[in-house]
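Last residue of the sequence shown: 920 (numbering that gives the first Met the number 0), numbering continuous.
Glycine included, each C-beta is placed from N, C-alpha and C at the ideal position.
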Amino acid sequence: MNPVERDIRGYLGVAPEDSILEHYGTKRHSGRYPWGSGENPYQRSGDFLSRVEELKKSGMKEKDILQTINDSLPEEYKMGATEFRMAQRRAIHERQQLKYDRARALSQDGLGPTEIGREMGLSESTVRSMLKSNKPDKYTRSQEIAETLRKEVDKKGMVDVSEGTNLVLGVSEGDLDDAVFILEAEHGYQRYGVGIRQPTNINQQTNITVLAKPEYDQKYAYQHQNEIQSLGEYHSEDGGETFKKLQRPSSMSSDRIYIRYGDEGGLDKDGVIEIRRGVADLNLGKSHYAQVRIMVDDSHYLKGMAVYSDDIPEGYDVAFNTNKKSGTPKMKVLKTIKDDPDNPFGAAIKANGQSTYIGEDGKEHLSPINKLKEEGDWDTMAKNLSSQFLSKQPIKLMKQQLDLTVADRKAEYEEIMQYDNPTIRKKLLMDFADTCEGNSMTLKASSFPGQATKVILPLSKIGERECYCPTYPDGTQLALVRFPHAGTFEIPLVTVNNKNLSGRRNLGAVQDAIGINAKVAERLSGADFDGDTVVAIPMSSKVNIKSTPALKDLKDFDPKTAYAVPEGNPNGVRLMKKEEKQKEMGIISNLITDMTLRGAPESDIARAVKHSMVVIDAEKHKLDYKRSERENGIQELKQKWQIRVQEDGTEKYGGASTLLSRRKQTVRVPERKGSAHIDKETGEKVYKESGRTYIDPKTGKRVQAMTEVSLISMTPDARTLSSGTVQENLYADFSNELKALANKARKEAKNTPGIKKSPDAAEKYRAEVESINAKLNAVIGNKPKERRAAIIANENIKAKVQAQGLDYKKDKKEIKKIAAVEMQRARDSVGASGSKTKITFTDREWEAVQAGAISDSKLMKILNSSKSDEIIKRAMPKASTTLSSAKLGKAQAMLANGYSYAEIAKACDVPESTIYDNLNK
């Protein structure tokens, strides 16, 4: 055995060759390596620390030193970079301890400080200090923390020791790392990573570091994630820092509810819950409207948009509008609650979506109103243009908007490059790259001027070509678009009339709603009023949205009657299952997109649209969608309009066949390990393969682990996914440009050195630095609670999925609702605080950041825990009278497309005079 291997085996507590079978497959076991021996303990070739120091003196870098040591070790004993650093730190501590022990021994032999110093080659003052303190601080501290950790792990089995847990113990990150390493190297405790699925996004995971008892290996941890505990005991600490806990919804009596049936006017307001004003337990708070769930008789519930109304019959407090016919029993109009006491509506109630009121008994009671969304929530929805809509507009308008989107991104890049602080610049460049890369895959373009998402509400006394929408001036013409979007024949054009008395009385100064006639909702592919939304786009000479008449073949077509299955299904028709709906909708939506791009006639598109209308309601209303597929000739349409030439030259019929329908396709690649690193030369992401293999239960053979990724993300040139239409090629060029811009930003970030800390600035802004550190610690201290909440939520979600017989692949929508509720409940139970997840700065604190009072690594942590929009606003250079080349290009493009100076100035976020001066030079 070579000396390095003997050294490492001894340090890690691994048995020699003759007894290795006893510990086969285990990397560490208890037993301390006795660092140093003899008269000159630190200069021998067998001394690990001296060997490292000698290699450093020879000019080697850490990576090369580690490689040299690892090259002499068997594969199972090689160290990673973190282990290597920890081994050095531990060795330094133990070397220091040996010095203390020797000084104490010489003192006990009768030598004084002067003689001891001479013997050990130390100054007299150093010896006196060593004898006085007896043990070095770091050694003592590490041992004490290790003992505390040991007790916690012995009690709980497995504990989370990731970021933020050091704050639970009140120690530094380094001290906690030392303590973990002591338990790992000297006592056989196990440390490993475990990926915890994010409850509300199952495609993402949070990686945590676990410290476990020797008998609990990584496989056990993955199989028993619910047993991974936190250091300390978390509990809810309200005090205004957390949201109010969700309670089981209270119920109202069905006697208080009036049903307005479809043939009595309910059809025109289908989904609207009208509430009598002034009723204490039915108060919407500060909102004019809200999407709600209301439990009735503890067995059923109302689902829809709640609004105040003066049109409720005497003796009732609520009027529910439905499309069902008169005579339908009241309780059949309502929905039956789910078999889940924690979530009887199968929907996620928003934070603070429940409220209380003071009853006639003078006591506080829970209101039966449970809000999913309320006024203002729709205003925050993403503002962009999907390819599903824009690709069906005139090519000139589509090209104009794609070009402006690229110009937007280029201007944003140049603006970021003007930021003085290099660390902030790096942070924003990486965020920018992620945005560009995301757009290159989703193919989403920037929004039109004034575009907004609005929830639709019914008005009975308003024209079919009008709308009530106070956020737009009277006379503004709006194009309304609803998704999924089949074509221009589904786009109604309406003119804003804010003088409408019905709108002013029933809706008032609404923020993110639009009042429309029921006939307009019909045009919007049969939208109803239970929370459906539209994208409102102001029309102008520059933004002329194409709207065509409704398809003639769709006139009077009602899928609910044309393809209804008789009660009891006497003919044994195959009904759509809940899990099949999303897949079927994807298939027909792709077909409509491909047909539109390839110029299919109106008659063919009408057949596909009819079938899509059947599919969207097939599961809910028990429609015969297979008959619809046959009668509308869907297979024939696929063969006619979905033709794709394979790489081998053969033609394939059916399935996504254009870039716009193929963008969601995935491909399988070898499983990846860890995060991507950035290539310094190209800026491209480079992934390391895990190399993991497993036994395929179907074949019994060992296979390589694979993972699914987006097809377009793996395609260097998006044009190779195009079938050759003009629209596809425009989008392919758009995708390629954004992908190149993302790589450019990442390359710049990778090659940008961080800010250098200024000692003078650190002293000048000491108070501000301490304040920022306190805010950072609050964010980091919340992370263990968030991780614990995720573990709790995952266990509860798993139990409910199993109890309800749901499938993670087929019932994604239902499981997503469960996950949202369980994550909020878990956060409540451990006291995780949403208000502590982001850092905001005072003006003086930002001065400290810009002055270099904080180191690069610490500042990057702070920025990653801050609000990006605040960073951008604060980092933006002072106003300039000149435009960057990218912004100038954007301004010129907008001017060429007919935009006014005022509109261009608003889009470029500069004064109108600056635009005028730069465009008229």
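Comparing alpha-carbon positions, the option among G345, A381, T355 lying closest to L371 turns out to be G345.
DSSP assignment within the region 523-551 yields the following whole beta strand (DSSP E) runs of 3 residues or more, N-terminal first: 532-537.
For S722, the three-state secondary structure derived from DSSP is coil. R292 is bridged by DSSP to K302, N369.
Beyond the five residues adjoining it in sequence on each side, D695 comes within less than 7 Å, by CB distance, of V702 in the same chain, given in chain order. Annotation: W640 to R504 spans about 50 Å, alpha carbon to alpha carbon. A direct Cα-Cα distance of roughly 22 Å separates R826 from A773.
Secondary structure of S308 (DSSP, three-state): strand. In terms of Cβ geometry, S828 and N781 do not form a close pair [threshold 7 Å]. With three or more CB-CB distances shorter than 8 Å, the region 783-801 counts as touching the region 817-826.
Setting aside the 5 residues that flank it on each side, D280 is surrounded in the same chain by Y356, S366, each with a C-beta closer than 6 Å to its C-beta; the list follows chain order.
With respect to T595, K391 sits close: the two C-beta atoms are nearer than 7 Å. Across the structure, A741 and A432 are spaced so that their CA atoms are roughly 4 Å apart. In the DSSP secondary-structure assignment, I642 is bridged to Y652.
Counting the other Cβ atoms within 10 Å of the Cβ of E727 gives 16 or more, which makes it buried. Looking only at K212, R275, P340, the smallest Cα-Cα distance to G314 is reached by R275. Look at the beta carbons and you see the region 805-815 not touching the region 204-220: under three pairs across the two are nearer than 8 Å. Minimum Cα-Cα distance from L427 among the listed residues Q246, L182, Q450, E747 corresponds to E747.
In the structure shown, D339 adopts coil according to DSSP, grouped into three states. A residue is called buried when at least 16 other Cβ atoms come within 10 angstroms of its Cβ; E373 meets this threshold and is buried. A Cβ-Cβ distance of about 16 Å is found for the pair L550 and T592, leaving them out of contact under the 8 Å criterion.
Separation of Q87 and K755 (C-alpha to C-alpha, rounded to the nearest whole angstrom) is 27 Å. With the rule of 3 Cβ pairs closer than 8 Å, the region 411-426 counts as touching the region 751-765.
Rounded to the nearest angstrom, the Cβ distance from K398 to S446 is 16 Å, too far for a contact under 8 Å.
Of all C-beta pairs linking the region 508-516 to the region 559-567, fewer than three are shorter than 8 Å, placing the two stretches out of contact. Taking C-beta atoms as the reference points, P198 and M822 count as a pair closer than 7 Å. The region 242-288 contains no complete alpha helix (DSSP H) run of 4 or more residues. Proximity of the region 179-194 to the region 244-256 falls short of the contact definition, fewer than three beta-carbon pairs being nearer than 8 Å. In this structure, the CA atom of A819 is about 22 Å from the CA atom of D297.
Taking a cut-off of 8 Å on C-beta distances, the region 405-416 does not touch the region 717-731, as fewer than three cross pairs fall below it. Secondary structure note for P421: its alpha helix (DSSP H) is the uninterrupted segment 421-441. Nearest to N776 by C-alpha distance, out of S229, Q107, E118, G169, is G169. Of the residues I861, A792, D806, the one whose Cα lies closest to the Cα of E226 is A792. In this structure, M705 keeps its C-beta atom at 7 Å or more from the C-beta atom of R745.
For the 7 Å CB-CB criterion, E618 and K577 form a contact. Linking P328 to K334 through their CA atoms gives a straight-line distance of about 12 Å.
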